[in-house]
Each structure stands twice: as C-alpha cells, then as structure tokens.
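Student: This structure is in structure tokens; I'll ask about it shortly.
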Amino acid sequence: MASVGRRVGSYICLELCGPAMHQRFYSSSRVDWKQLRPMILERIKHRAKDYPIKRMIPVAEEVVRAREIVTEGVSTLLKVVPVHSCKFCPEVHIGAGAHEMKTCHGFKRMIKDQTHTWSPGNLNDILVPVQAFHLKDVFQDEIKHDQRFDFTRVPAVLELCHQAGAEIPDEVLYKSDQPSTTVKGNSQQPAPFLPDELRYIGQRTLDAWESLRLGVTKLLLVYPSKVCEHCSEVHIGSSGHKARMCGIFKFEGWKGTHKWKKAGVDDLVPPKIVWHRRPHDPPVLVDGGRDYYGHAPAVIELCILVGARVPPKYHCMMKAHGLAPPVR
1 MASVGRRVGS YICLELCGPA MHQRFYSSSR VDWKQLRPMI LERIKHRAKD YPIKRMIPVA
61 EEVVRAREIV TEGVSTLLKV VPVHSCKFCP EVHIGAGAHE MKTCHGFKRM IKDQTHTWSP
121 GNLNDILVPV QAFHLKDVFQ DEIKHDQRFD FTRVPAVLEL CHQAGAEIPD EVLYKSDQPS
181 TTVKGNSQQP APFLPDELRY IGQRTLDAWE SLRLGVTKLL LVYPSKVCEH CSEVHIGSSG
241 HKARMCGIFK FEGWKGTHKW KKAGVDDLVP PKIVWHRRPH DPPVLVDGGR DYYGHAPAVI
301 ELCILVGARV PPKYHCMMKA HGLAPPVR
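In terms of full-length UniProt numbering, the sequence shown is numbered consecutively and its last residue is 328.
Here's what the structure looks like:
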C-alpha cells in the first residue's frame, strides 16, 4: 500500500507541477563507490601539493625565532630569579620565598593536601617540553605501533613550523631531543646584570612569549594537530598515530591506544600556571589565603619579577586589584 501511495502522490505532483518536477534525484545509495574510490585516493595522494601554504611560511619562521628568544631569555633570568619545584608534584613557585600552600599529593599520591617539598627548579619547570613524532611528509601514512622507534621525537612547536614550511637547521630541530636539566636557578651565583638590562631581557622575553603563542594559534587554524584526551601526547598531522603509548587505560580495552581530539595552543605551548604574589600580599603565601591570591603563567611571572610590563589580559587572572587575605 505504501508503494501505491507514493506512485499516486508522484502522479498528482506531475499533473499539477508539470515537467518542472522531472529533475535528477541524487542519493548516496545510487553512487557507484567503486568508480569514485580511485578518484578519492588520487585526491588524497596529491593533496600535499597544496602544502605548505606560502602565506603561512613567515608566521612559522616568526614562531621559530620567538621560541629561541623565549628559551634564551628564560635561561638568562633563571640565573637571577630563584625558582622552586616540588619533588613529588608538578608545582612550581617563582620568587625568593616558596609558598606554603597545602596542595601537594605527596609521594606516590599517598597523602593529599600536604606542604610541598621544594628543590631548585630548572628550565623545563618553566618551559614544559612537549614532543611529537617528526614526519617526513604532512600527509604520510599513519605511524603504526611497531614503527614508533623509526621516527625521531622533536619539539612539537618545531614540528608544526617544519610542516608549515619553515627552514629549521638540524642543530635547532634536534637540540631539544632530550629535555634539558642543566640550568639550575638556585644553584648558580647571580649574574652581574644591571636592573635596566634585566628589565630589557624580561620585556623582550615576555613579548616573544606572546608572539610565540599567537603564531602557534594561527598555524593551528591551518595545519591539523591532535592531542590525546587521557594524556599529554601530541601529534602534528591530519590523524593521530597508532603507537600504543597511553598509560591511562592499558588494563582495559584501549590497550594504550590514544583517544585523539583537536589540539589547542595550550597543548603545544603549556602556560604552566603558578601562584602570583601581589605587592600587598605577605612575603610568603600561606594556605589560608589561597582564595585571595592570583595566578599567572610561569614565563609571565618570571618576567614580572625583573620589571616587565604586564599585559592587561592577565590582570584578571592575577587578581591585581583584589583584596589581601585577612590578618589573623
């Protein structure tokens, strides 16, 4: 009955509307995918000819230069500004007196809400290293699990710039293959810098940091990048790799397989948020005033302590005009 009703309805429409209804009807059920498959594969094979995009090459080159300035500036400021890192958690404090916040989970996460155990910080505590597989081609085949040792790991930002067309020397691309732990902020004697020199280095580093994050944001709008939802693994490419390195659900059905999503600028350039001490705060931040204190990215906080100007967009995070904790 349903088929008879459809035929009657089409006949009535034909009588009322005339030949205007005689138009081709396209449906996915009538597409011959066997004929379209070679065309689709050919288009995928040649889509890499459109990359790199010429207009984005200057952006990638600027990101590489900004990254070098940030690394050099932070390394210099670490010789002057004391940095503390916790032995048992990722907490970092920048300044002379380490805070007394009870936010440490302790050894092997056995006890919560404990005071941090501080040790001298290093470069990687400020600039968190994020690495990715170095691909030969933007649209090459997916990396299988047994191929994970055939590809070199390089900084994710440099891999993004490399795919965007920036010419990166090998000594720069592979220099950060192993995380640097040699720059100690508290173990070295302060360098003989004048206050104006430190202020200039801090301002130059802060401006380069903002330029770095802005450039990475622009590149991510054009070049696809992925990050795992369960860990911090980053892959620069159209689809994530198949290396089973995720340590969250190895005992379940995932078997270490990453669950990919679109990456953002914070995934490639982590801001590393730290506590910010305002002028009207006590010399040592205590646990009772944590609701009053502000925060700031580690690079911004490091540059502020040497006299750099704070961008207005960080005032809300830093609670610059907020109240001080009550005195007990």
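Quick reminder that beta carbons are idealized off the backbone N, C-alpha and C, glycines included.
DSSP three-state label for residue 143, please.
Tutor: Coil, per DSSP.
Student: Below 7 Å between beta carbons: does that hold for residue 287 and residue 87?
Tutor: The answer is no: Cβ separation not under 7 Å.
Student: With distance defined between alpha-carbon atoms, name the residue in 230, 231, 207 and 238 nearest to residue 221.
Tutor: Nearest C-alpha to residue 221: 238.
Student: Compare the beta carbon distance of residue 132 and residue 219 with 7 Å and say whether it is the shorter of the two.
Tutor: For residue 132 and residue 219, no; Cβs fall outside 7 Å.
Student: Starting from residue 294, follow the beta strand (DSSP E) in both directions and report where the run begins and ends.
Tutor: It spans 294 to 297 - the beta strand (DSSP E) in which residue 294 sits, taken as one unbroken run.
Student: If I measure Cβ to Cβ from residue 213 and keep anything under 6 Å in the same chain, skipping five residues before and after, which residues do I get?
Tutor: Cβ neighbours of residue 213 beyond the five flanking positions: 265 and 269.
Student: How far does the alpha helix (DSSP H) with residue 213 in it reach, from first residue to last?
Tutor: Segment 195 to 220, the alpha helix (DSSP H) holding residue 213.
Student: Take the Cβ of residue 232 as the centre, count every other Cβ of all protein chains shown within 10 Å, and call the residue buried at 16 or more, exposed below.
Tutor: When all chains shown are included, residue 232 counts as exposed.
Student: Determine the contact status of residue 236 and residue 142, defining contact as a CB-CB distance below 7 Å.
Tutor: No.
Student: Is the distance from the Cβ of residue 199 to the Cβ of residue 310 below 7 Å?
Tutor: No; because the gap between Cβ atoms is not below 7 Å, this pair is not in contact.
Student: Would you decide whether residue 42 is buried or exposed? Buried here means 16 or more other CB atoms lie within 10 Å of its CB.
Tutor: Residue 42 should be labelled exposed.
Student: Mind checking whether residue 289 and residue 325 have CB atoms under 7 Å apart?
Tutor: Taking 7 Å as the Cβ cut-off, residue 289 and residue 325 qualify as a contacting pair.
Student: Give every residue of the same chain whose Cβ lies closer than 7 Å to the Cβ of residue 66, excluding the five residues on either side of it in the sequence, and list them in chain order.
Tutor: Only 208, 211, 212 and 215 meet the Cβ criterion.
Student: Thinking C-alpha only, which one of 156, 174, 285 and 298 is nearest residue 206?
Tutor: That would be 298, whose Cα lies nearest to the Cα of residue 206.
Student: Can the beta-carbon of residue 318 be found closer than 7 Å to that of residue 258?
Tutor: Contact: no.
Student: Is residue 322 helix, strand or coil when you go by DSSP?
Tutor: Residue state, collapsed to three classes: coil.
Student: Could you check if residue 316 is buried or exposed, using at least 16 other CB atoms within 10 Å of its CB as the buried criterion?
Tutor: With fewer than 16 Cβ atoms within 10 Å of its Cβ, residue 316 is classed as exposed.
Student: What ranges does the beta strand (DSSP E) occupy inside the UniProt domain "APO" (227 to 312), keeping only unbroken runs of at least 3 residues that lie completely in it?
Tutor: Correct list: 234 to 236, 260 to 262, 273 to 276 and 294 to 297.
Student: Does DSSP put residue 99 in a helix, a strand or coil?
Tutor: If DSSP states are grouped into helix, strand and coil, residue 99 belongs with coil.
Student: In the DSSP output, what is residue 131 paired with across the bridge?
Tutor: DSSP, once it has assigned bridges, lists 155 as partnering residue 131.
Student: Buried or exposed: which applies to residue 152, given that a residue is buried once 16 or more other Cβ atoms fall within 10 Å of its Cβ?
Tutor: Result: exposed.
Student: Locate the alpha helix (DSSP H) running through residue 69, then write down its first and last residues.
Tutor: Taken as a continuous stretch (DSSP letters only), the alpha helix (DSSP H) holding residue 69 covers 57 to 77.
Student: Quick check: the Cα distance between residue 124 and residue 272, rounded to an integer number of angstroms?
Tutor: Rounded to whole angstroms, residue 124 to residue 272 spans 10 Å at the Cα level.
Student: Kindly indicate which residue of 256, 173 and 217 has the alpha-carbon position closest to the one of residue 144.
Tutor: Answer by Cα proximity: 256.
Student: Just to check my reading of the structure: residue 203 and residue 296 have Cβ atoms closer than 8 Å, yes? What is that Cβ distance to the nearest angstrom?
Tutor: So it is not a contact: roughly 16 Å between Cβ atoms.
Student: Give me the Cα-Cα distance between residue 130 and residue 154, rounded to the nearest whole angstrom.
Tutor: Those two C-alpha atoms are separated by around 8 Å.
Student: What does the alpha-carbon distance come out to for the pair residue 110 and residue 62?
Tutor: Cα to Cα, residue 110 sits roughly 45 Å from residue 62.
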